[in-house]
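The block underneath contains the structure these notes are about, expressed in structure tokens.
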Amino acid sequence: MNRCLRLGLAAGLGAWLAGCSTIDPISGPAVQSGSANFGVYVAMGTSLGSGYSNGGLVERHQRHSYPYLFAQQVGAISFTIPSISDSGLGPLLVLRSYSPVLITRASTPGLPTNFLQPTSYHNMSIPGALLVDVLDSTAAPGGYSRGLFPVIQRGRGLILQQAIGLGPTFVSFEYGANEVLYPASQLGSGTAVYSPAVFASLYTAAMNGLALGAPNAKLALINVPDVTSIPFFTTFPPFTRSLTTGQPIPLIGADANLMPGDLVLLTAADSLAIGTGIPLGGYNYVNPSAPGNGRALPEALILRASEVASLQATVTAYNGVIDTVATRRNAALVDLNRLLREVATNGITYGSTVYTDDFVTGGIFGLDGVHPTDLGYAVMANAMIDAVNAKFGASIRHVDLGAVAARGRYASRPAKEELAAPRVLGLGAVLRDLYGEPGAAVP
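Residue numbers (the UniProt record's numbering): 1 to 443.
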């Protein structure tokens, strides 16, 4: 791989200055761009756009983010990224054992390798970003200093200003997931950060800013997935079984016993491992050697069915806003919501293999239970390619899923057997890296 792709020439103590940043050409017929112009592509978004995977940001996954893959497929001359060395920021989660499933964090964090790049990055997707950050990154909890904002935004101005400053001819825009994922994953809450009305106001303001600063840029708008369908919320069942009768019995929650439709968060693993949440006489499916202690799981580790329904209704309303804007702005609409619903329902078939949303073994989601693997990002890139081709009459070729699935330690090759319920040590720290301390006020 051309090191210019990694944005720079060696300088000082491993810092990189991006001088050329070319992308390796793809073989085959030249891309027909239709009515779009992919000369300068800029991605604006969240951790999903950054290539965040396995609990952190690192170059080997950043180069498989859906914006990066899209830039390759359209033949963009330059697509710079805020490259991070091994073992990533934050230190990536690492699969230590399959039986039992044990996941820990790497001990040594990575470092930015092209922080001194003299221009803004073409990939301005920032883990933990809310829609308000496009317009004012000081407004959210912790302000500009939180998470990876200083590494990617670098005090060079607002995300919107930096994107416009690159003179984009094509922009992808992906926001809204964190507004529902933050309260769901950190607080066990069904109340989104913004009401649909506030979300609509912010979305309109961001679109107006893009129209003013980059009036000729074509747009691809990515809608919001149902976050309650990802492995972070679906790995642990709300019921176990009685050790004496074998009959199903509900887990214990602080407010009430769990019911069908309630979800147990992946961060409940440590509590479940010592028997908390498991009734007396109940089988501990995380740690069979620790009997149920009869104590209740905190409600922050549970999403009740009513909270799930509230979040799903908010996602539907957010996506109504995005759909309306896409029509009004003549933008390509990338239906990420439908794509992940298909993954959750039927999986993705490639060749003779079906890849699913099963935690660790499914091949689509990484070790934090939230973010995709390289294969998952390639599937997203192809969904974006399909939407752009259909809207603008382009002829962009798909990413080769087979080549992606053949790589990687964790494989994008799913296991055949069902594994024991996992433990992920340090998952709470991953969430704090993204969002700050739980319970922080939101604007």
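Heads up, the beta-carbon is just placed ideally off N, CA and C, and yes, glycines get one too.
Proximal residues to residue i (C-beta, below 6 angstroms), its chain only, five neighbours per side dropped
i: Pro234; result: The sequence shown places Thr at residue 234, rather than the Pro named in the question. Hits under 6 angstroms: none found.
i: Leu251; result: Pro238, Leu258 and Gly277
i: Gly49; result: Ala43, Pro67, Ser125 and Glu174
i: Gly167; result: Val40
i: Gly34; result: Phe392, Gly393 and Ala394
i: Ala332; result: Ala220, Ala387, Val388 and Lys391
i: Gly213; result: Ile164
i: Asp255; result: Glu299
i: Tyr52; result: Pro127 and His371
i: Arg105; result: Pro91, Leu93 and Gly426
Burial state of residue i (16 or more Cβ within 10 Å)
i: Gln186; result: buried
i: Thr349; result: exposed
i: Gly275; result: buried
i: Asp374; result: buried
i: Gly253; result: buried
i: Asp357; result: buried
i: Arg96; result: exposed
i: Leu272; result: buried
i: Val132; result: buried
i: Val354; result: exposed
i: Leu339; result: buried
i: Asn208; result: exposed
i: Pro25; result: Model confidence at Pro25 stands at a pLDDT of 45, short of 50, so the residue's coordinates are unreliable and nothing is read from them.
i: Gln73; result: buried
i: Leu160; result: buried
i: residue 491; result: Nothing about residue 491 can be reported from this structure: the residues present for the chain run from 1 to 443 only.
i: Glu307; result: buried
i: Asn178; result: buried
i: Asn114; result: buried
i: Gln117; result: buried
i: Thr361; result: buried
i: Gly292; result: buried
Anticipated Cβ contact below 8 angstroms, residue i with residue j, distance rounded
i: Ala302; j: Thr240; result: According to the sequence displayed, residue 302 carries Ile and not Ala. At roughly 14 angstroms, the Cβ-Cβ gap does not stay under 8 angstroms, so Ile302 and Thr240 are not in contact.
i: Tyr66; j: Tyr377; result: 5 angstroms
i: Leu92; j: Gly56; result: 4 angstroms
i: Ala36; j: Val388; result: 7 angstroms
i: residue 446; j: Leu89; result: The first residue shown for the chain is 1 and the last is 443, placing residue 446 beyond what the model contains.
i: Phe38; j: Phe170; result: 5 angstroms
i: Leu280; j: Val180; result: With 8 angstroms as the limit, Leu280 and Val180 do not qualify as a contact, their Cβ atoms being about 35 angstroms apart.
i: Asn54; j: Gly366; result: 4 angstroms
i: Ala309; j: Asp262; result: Not confirmed; about 11 angstroms, so no contact.
Where residue i falls: helix, strand or coil (DSSP)
i: Thr356; result: strand
i: Met380; result: helix
i: Phe170; result: strand
i: Leu367; result: coil
i: Leu210; result: helix
i: Ala331; result: coil
i: Ile278; result: coil
i: Ala43; result: strand
i: Ile322; result: helix
i: Gly165; result: helix
i: Phe239; result: strand
i: Val224; result: coil
i: residue 448; result: Only positions 1 to 443 of the chain appear in this structure, which leaves residue 448 out of reach.
i: Tyr350; result: strand
i: Asn216; result: coil
i: residue 445; result: This structure leaves residue 445 out entirely; the chain is present only between 1 and 443.
i: Thr204; result: helix
i: Arg407; result: coil
i: Ile152; result: helix
i: Ile81; result: coil
i: Tyr52; result: coil
i: residue 488; result: Limits of the chain in this structure are 1 at one end and 443 at the other, which puts residue 488 out of reach.
i: Asn257; result: strand
i: Ile103; result: strand
i: Val193; result: coil
i: Leu93; result: strand
i: Arg341; result: helix
i: Ser21; result: Per-residue confidence for Ser21 stands at a pLDDT of 38, beneath the threshold of 50, marking its modelled position as unreliable; no derived number is given.
Cut-off 7 angstroms between Cβ atoms - residues of its own chain near residue i, not counting five sequence neighbours on either side
i: Tyr435; result: Gly128, Tyr182 and Gln186
i: Asp86; result: Val58 and Gly110
i: Leu431; result: Ser185 and Gln186
i: Ser120; result: Arg156, Gln162, Gly165 and Leu166
i: Gln32; result: Ala394 and Ser395
i: Gly188; result: Leu265, Glu299, Ala300, Leu301, Ile302 and Leu303
Cutoff 8 angstroms; reference residue i; Cβ partners in own chain excluding five residues on either side
i: Gly428; result: Thr267
i: Ala211; result: Arg329
i: Asn337; result: Asn223, Val224, Pro225, Asp226, Val315 and Asn319
Any non-hydrogen atom of the ligand ATP within 7 angstroms of residue i CB
i: Asp386; result: Although the ligand ATP was asked about, the structure shown includes no ligands whatsoever.
Would the stretch 212-231 count as touching the stretch 358-372 if we require 3 or more Cβ pairs under 8 angstroms?
yes
For the stretch 303-323 against the stretch 196-207, do three or more pairs of beta-carbon atoms, one drawn from each stretch, fall closer than 8 angstroms, so that the two count as touching?
Judged by Cβ distances under 8 angstroms, the stretch 303-323 makes contact with the stretch 196-207, as three or more pairs qualify.
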